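For the sequence shown, position 55 (counting from the first letter as 1) is numbered 465 according to our numbering, and the numbering increases by one without interruption.
By construction, the Cβ of each residue, glycine as well, lies at the ideal position given by its N, Cα and C atoms.
Values in this document were obtained by computation on a predicted structure and should not be read as measured data.
Worksheet: one structure, shown below.
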Amino acid sequence: MLGEYFCNKFGVDFRCMRYPGVMSSEKFAFNGTACYSTEIFFHILENNKYYKCWLAEDAQLPMIYIDDCVEATMKLLRADSKNLTRCTYNLAGISFTPK
411 MLGEYFCNKF GVDFRCMRYP GVMSSEKFAF NGTACYSTEI FFHILENNKY
461 YKCWLAEDAQ LPMIYIDDCV EATMKLLRAD SKNLTRCTYN LAGISFTPK
């Protein structure tokens, strides 16, 4: 909110992005609590058995693939400030459950 204040009050070119859980094809690339999907995938590949997930099976969490995350970030950084409608953006990819 401080960045938005300086943008509105003093014209500072402030840009902010909020990322959901970031998925990657690399094993345990981020180790974030919301990034259980990558951990589940590699666990099943390596152990050929189900993964015990401690989240409720219907707990829906937003995710985004790393390549999409990088692309969105670069687009925001390169965008002409005249074309932006706000200072803060939430990235969205897909949402799914552990089930």
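- Unbroken alpha helix (DSSP H) stretches of 4 residues or longer found wholly inside the stretch 432-504: 446-457 and 476-488, given in chain order.
- Annotation: the continuous alpha helix (DSSP H) that includes residue 419 extends over 412-420.
- Residue 424 sits in coil when the DSSP states are folded into three classes, being neither helix nor strand.
- Here residue 414 has 424, 497 and 498 as same chain residues with Cβ atoms under 7 Å from its own Cβ, once five neighbours each way along the sequence are excluded.
- For a cut-off of 8 Å, the C-beta gap from residue 484 to residue 431 is around 20 Å, too long to register as a contact.
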